[in-house]
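*Asks:* Counting in my numbering, the final residue of the sequence shown is number 261, and the numbers go up one at a time with none missing.
Every residue, glycine too, gets a C-beta built ideally from N, C-alpha and C.
My structure is below; once you've seen it, I'll send some questions.
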Amino acid sequence: MTLFERSPRGVKPTPDGTRILPMIDQALDALDAIVAEAQRLANPAPDTIRMGVSPLIGADLVARAFDAARNLDRPRDLVLREADLTHLREDLQAGRLDLLLVPAVQAMPTFRHRVIAREPVVVIDPADSRTESPVELHAAADAAYILVPDSCGLTTFTTELFRSHDLPLRTYPGEASNYRVLDEWARMGVGAALLPQSKTTHEHGSSRPLVRAGAPVEITYEAVWDNATPLAADLEDFVTSLTQLTELTERTYEETGD
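And the structure:
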């Protein structure tokens with residue numbers, strides 16, 4: 004049986020080939036499905052999702068992650084690890100973690116990414132505590148900012164925010180150990196600070212929403228995971244569920260304030 008015929012104008016299927024070739028494609032697809040299912044049965048996905056989180060990720064988002072894991076068709080337990088971004092990325096690349104929840108401040112091109120949540124950023128500057136009205140980014144550039152070690156993603160976010168808008172970033176010569184100390188030092192008047200709104204102390208009366216051309220400046224949090232693991236399908240479902248829970252929570256807050 005001849006499947007193809009050659010001519011000066013090229014190669015084309017014979018009448019027999021036109022009938023047989025689609026069947027061959029179907030057989031190959033079925034064989035691929037058999038191999039994939041055999042691998043799934045031989046290497047079943049674990050019952051846990053090992054999730055790494057940045058210190059900037061709030062407890063409310065982590066709580067929703069637990070709900071999302073429990074609501075999977077095959078419920079999973081979450082095993083959490085909080086660490087700096089460098090260690091989290093290394094562990095994800097080495098297969099020691101299944102998924103990250105981190106600020107979206109650095110690309111990992113070979114991994115899947117999905118935005119999970121956003122929140123407004125505020126400026127804490129006791130030197131300008133007469134008002135709590137929004138402050139434009141170009142005006143905020145007049146302050147000297149306390150920074151933290153580039154581990155949780157906040158310093159990367161801050162420096163990239165100013166750089167991307169061609170604004171100088173004036174910095175305090177010292178360094179706070181983490182965002183909690185950053186908040187305290189700014190409240191003491193050591194310098195100004197840029198923080199996600201949820202990370203400021205409630206008694207802080209000198210925080211002002213940061214805006215650019217009147218629109219709130221926001222920090223984005225994302226899920227990052229490897230799509231080539233036995234857990235890939237469950238991780239996709241988990242991230243989708245977490246995104247939906249977050250959107251529902253945000254809509255409820257907008258409607259009720261609770």
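1. Exposed or buried, Ile-37, counting other C-beta atoms within 10 Å across all chains shown (16 or more means buried)?
2. Take Arg-117 and list the residues in its own chain whose beta-carbon comes closer than 7 angstroms to its own, dropping the five residues that flank it on each side.
3. Please list the terminal residues of the continuous beta strand (DSSP E) segment that includes Glu-79.
4. If you follow the beta strand (DSSP E) that His-116 is in, where does it begin and where does it stop?
5. Spell out a yes or no on whether the stretch 231-242 and the stretch 163-170 are touching, meaning 3 or more CB-CB pairs, one atom from each, closer than 8 angstroms.
6. Could you say which of Ala-196, Arg-183, Val-124 lies nearest to Asp-131 if we only look at CA atoms?
7. Around the Cβ of Val-125, are there at least 16 other Cβ atoms within 10 angstroms (buried) or fewer (exposed)?
8. Throw me the rounded Cβ distance for the Leu-213 and Leu-140 pair, which I believe falls under 8 angstroms.
9. Looking at the structure shown, is Gly-55 part of a helix, part of a strand, or coil, going by DSSP?
10. Any idea what DSSP makes of Val-214, helix, strand or coil?
11. If we require 3 or more residues per run, which beta strand (DSSP E) segments fall completely within the stretch 147-181?
12. Do you know offhand how far Arg-53's Cα is from Arg-67's?
13. In three-state DSSP terms, what is Leu-31?
14. Based on DSSP bridge pairs, tell me the residues matched to Leu-197.
15. Around the C-beta of Gly-194, are 16 or more other C-beta atoms found within 10 angstroms, so that it is buried, or is it exposed?
16. Can you name, in chain order, every residue of its own chain whose Cβ lies under 8 angstroms from the Cβ of Cys-155, other than the five neighbours on each side?
17. Among Thr-51, Asp-76, Arg-121, whose alpha-carbon lies nearest the alpha-carbon of Thr-223?
18. Could you tell me if Ile-27 is buried or exposed, where buried requires 16 or more neighbouring beta carbons within 10 angstroms of its beta carbon?
19. Among the candidates Pro-171, Pro-176, Ser-210, whose CA atom is the shortest distance from the CA of Leu-187?
20. Does the beta-carbon distance from Asp-80 to Thr-51 come in below 8 angstroms?
21. For the alpha helix (DSSP H) that contains Val-65, what are its first and last residues?
22. Where does Phe-7 land, buried or exposed, given buried means 16+ other C-beta within 10 angstroms?
23. Counting C-beta neighbours from all protein chains within 10 Å, is the total for Lys-15 16 or more, i.e. buried, or is it exposed?
24. Expressed to the nearest angstrom, what Euclidean distance is found between the alpha-carbon atoms of Ala-189 and Thr-174?
*Replies:* Reading from the atomic positions:
1. Taking the sequence shown and counting its residues from 1, one reaches residue 37 at position 34. When all chains shown are included, Ile-37 counts as exposed.
2. The sequence position of residue 117 within the sequence shown is 114, counting from 1. Spatial neighbours of Arg-117 in its own chain (CB-CB distance under 7 angstroms, excluding positions within 5 residues in sequence) are listed in chain order as Glu-225, Ala-226, Val-242, Thr-246.
3. Working through the sequence shown from its first residue, we reach residue 79 at position 76. According to the sequence shown, residue 79 is Arg rather than Glu. Counting along the chain, Arg-79 sits inside no beta strand (DSSP E), nor does DSSP assign it H or E at all.
4. In the sequence shown, counting from the first residue as 1, residue 116 sits at position 113. Counting along the chain, the beta strand (DSSP E) containing His-116 begins and ends at 115-127.
5. Touching, no.
6. In the sequence shown, residue 131 corresponds to position 128, counting from 1. Nearest option by C-alpha distance: Ala-196.
7. Taking the sequence shown and counting its residues from 1, the one referred to as residue 125 is at position 122. The residue in question, Val-125, is buried, as its Cβ has 16 or more Cβ neighbours within 10 Å.
8. Stepping through the sequence shown from its first residue, residue 213 is reached at position 210. Stepping through the sequence shown from its first residue, residue 140 is reached at position 137. About 6 angstroms; that satisfies the 8 angstroms criterion.
9. The count along the sequence shown starts at 1 and reaches residue 55 at position 52. Strand, per DSSP.
10. The residue given as residue 214 occupies position 211 in the sequence shown. Three-state result, Val-214: strand.
11. Here the runs fully enclosed are 147-150, 173-178.
12. Along the sequence shown, read from residue 1 onward, the residue named residue 53 stands at position 50. Along the sequence shown, read from residue 1 onward, the residue named residue 67 stands at position 64. A direct Cα-to-Cα measurement between Arg-53 and Arg-67 gives close to 15 angstroms.
13. Residue 31 sits at position 28 when you count from the first residue of the sequence shown. Look at Leu-31 here: in three-state DSSP terms it is helix.
14. Translated into positions along the sequence shown, residue 197 becomes position 194. Per DSSP, Val-126.
15. Numbered from its first residue, the sequence shown carries residue 194 at position 191. So Gly-194 ends up on the buried side.
16. Taking the first residue of the sequence shown as position 1, residue 155 is located at position 152. In its chain, beyond the 5 residues on either side, Ser-57, Pro-58, Leu-59, Asp-87, Leu-88, Pro-106, Asn-181, Tyr-182 have a beta carbon closer than 8 angstroms to the beta carbon of Cys-155.
17. Residue mapping note: residue 223 aligns to position 220 of the sequence shown, counting from 1. The candidate whose alpha carbon is nearest that of Thr-223 is Arg-121.
18. Here residue 27 is taken as the residue at index 24 of the sequence shown, counted from 1. With fewer than 16 neighbouring CB atoms inside 10 Å of its own CB, Ile-27 falls in the exposed class.
19. Walking along the sequence shown from the start, residue 187 turns up at place 184. Before going on, a small fix: residue 187 reads as Glu here, not Leu. Cα-wise, what sits closest to Glu-187 is Ser-210.
20. In the sequence shown, counting from the first residue as 1, residue 80 sits at position 77. In the sequence shown, counting from the first residue as 1, residue 51 sits at position 48. The Cβ atoms of Asp-80 and Thr-51 sit closer than 8 angstroms to each other.
21. The sequence position of residue 65 within the sequence shown is 62, counting from 1. That run of the alpha helix (DSSP H) goes 62-73.
22. Here residue 7 is taken as the residue at index 4 of the sequence shown, counted from 1. It is exposed - the Cβ of Phe-7 has fewer than 16 other Cβ atoms within 10 Å.
23. Your numbering for residue 15 matches position 12 in the sequence shown. Burial call: exposed.
24. Sequence index remark: in the sequence shown, residue 189 carries index 186 (1-based). Sequence index remark: in the sequence shown, residue 174 carries index 171 (1-based). Answer to the nearest angstrom: the Cα atoms are 12 angstroms apart.
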